[in-house]
Amino acid sequence: MITEQKVKDLLRGGGYIADDSIATAVFLALRMGKPILIEGPPGVGKTGLAKTLSEVMDFPLVRLQCYEGIDEGKALYDWEYGKQLLYTQLLRTQLDSYLSQTADLREAVERLSAEESLFFSRNFLVQRPILRSFLSEKPSLLLIDEIDRSGDEFEALLLECLSDFQVSVPELGVIEANHKPLAILTSNGTRMISDALRRRCLYLYLGYPEFEREVDIVRARYPEICEGLARQMVEFLRQVRELNLRKPPSVSEALDWAHVLSILHARQLTPEVVANTVGVIAKHQADLKQVTELAAATLR
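The opening position of the sequence shown corresponds to residue 1 in our numbering, with each subsequent residue numbered one higher.
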């Protein structure tokens, strides 16, 4: 029997340190069969949560990376036109014989139209990520990543999928999911997601973690980092995030930095250590200068 604490323990076992709000959202999504919309700045662990859940719950991960202009042909399904054409060429003799008995072109078209289902069957259907997740032989985790990069038209396509867990294919009818996937949508907040889509989802906001939790995250991923250094680097990162940077360092940069410091066998943060590794946590030239100046002023 899955519980909130069980979810938290499973995630911790997979290296993801979840707080109560994360564990509750996942627990409710599993019990209610509803998607989760996770919003927050880049790098705070939205995609990482989905990947870890896939691993610890043994759900195959089906990922759909959103982008501007994405449509149903890339997200839901498409037809394998090359295969259809090949079959047409291979069956040309049978088609000629079949149509030779017709009196005129109109009758030939009508007769051929009656057999359209032969070429618009599941045999020629290309399963894109959403349909592939729905038709999985076991429950899967459907990750619709960075939904805010898509447009309103794509959101409209998702409404039926995420409320009824089915896909309507005009040539075949409605295809229902074999198993309801655990659906996770992520957004970096670059544009407003429609209310219609939000209503179909549970909502979770992931911001920068609290101090103690971020220390736990670093230590869980890189236990070779001593607690003193972990606390020092997290405290410094919290100060960096207060600067007016073009790209504030997030949890992903914190983990990359911890990895670098472990490789360098650093035992303490110093202005020199920060200056030599600043490119891990600052990604713009102007940001580099601010971070190194902060280190010179605050680290001894």
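Backbone N, C-alpha and C define an ideal beta-carbon position, used for all residues, glycine too.
Residue i vs residue j beta-carbon contact at 8 Å
i      : j      : result
GLU4   : TYR205 : no
PRO42  : SER187 : no
VAL174 : LEU76  : no
VAL291 : VAL274 : yes
LEU288 : THR270 : no
GLU80  : PHE124 : yes
ALA50  : LEU202 : no
Close beta carbons around residue i, own chain, < 6 Å, minus the five adjacent residues each side
i      : result
PRO248 : ARG241
ALA18  : LYS8, LEU11
SER194 : GLU155
SER150 : CYS66, ILE70
PHE328 : Because the chain in this structure spans residues 1 to 300, residue 328 falls outside the shown range and cannot be described.
VAL44  : LEU206, SER250, VAL251
ILE130 : ALA75, LEU76, CYS161
HIS179 : PRO139
VAL62  : PRO129, ARG132, SER133, SER140, LEU142
Cβ shell of residue i (< 8 Å), same chain only, five flanking positions each side left out
i      : result
ALA254 : GLU214, ILE217, VAL218, MET233, VAL234, LEU237, ILE281
GLY15  : THR52, ALA220, ARG221
Pick from the options that is closest to residue i, judged by C-alpha positions
i      : options                        : result
PRO209 : LYS46, ARG31, ASP195, ASP9     : LYS46
ILE147 : GLN65, GLN127, ALA230          : GLN65
GLY228 : TRP257, PHE211, ASN244, ARG267 : ARG267
ALA296 : LEU245, GLN239, MET192, VAL126 : GLN239
GLU212 : ARG231, ARG198, ASP20          : ARG231
GLU176 : THR190, GLY189, PRO170, CYS161 : CYS161
LEU158 : LEU197, VAL126, VAL169, ARG122 : LEU197
VAL278 : ARG122, ILE263, TRP257         : TRP257
ARG122 : GLU224, ASP78, GLU68, ASP152   : ASP78
Proximal residues to residue i (C-beta, below 7 Å), its chain only, five neighbours per side dropped
i      : result
THR24  : GLU4
GLY48  : TYR16
HIS284 : ARG246, LYS247
Any C-beta of chain C under 8 Å from that of residue i
i      : result
PRO181 : Protein chain content of the structure displayed is limited to a single chain, and chain C is not contained in it.
Inside the segment 180-223 only - alpha helix (DSSP H) runs reaching at least 4 residues
195-199, 211-221
Does the contact criterion of 3 or more C-beta pairs under 8 Å hold for the segment 55-73 versus the segment 31-38?
no
Sufficient close CB pairs (3 or more, under 8 Å) joining the segment 134-145 to the segment 169-188:
yes
Which ranges would you report for the alpha helix (DSSP H) in the segment 225-249 if only whole runs of at least 4 residues count?
227-240
As an exercise, report each continuous beta strand (DSSP E) stretch of at least 3 residues that is fully enclosed by the segment 119-178, in chain order.
125-127, 141-145, 166-169, 173-176
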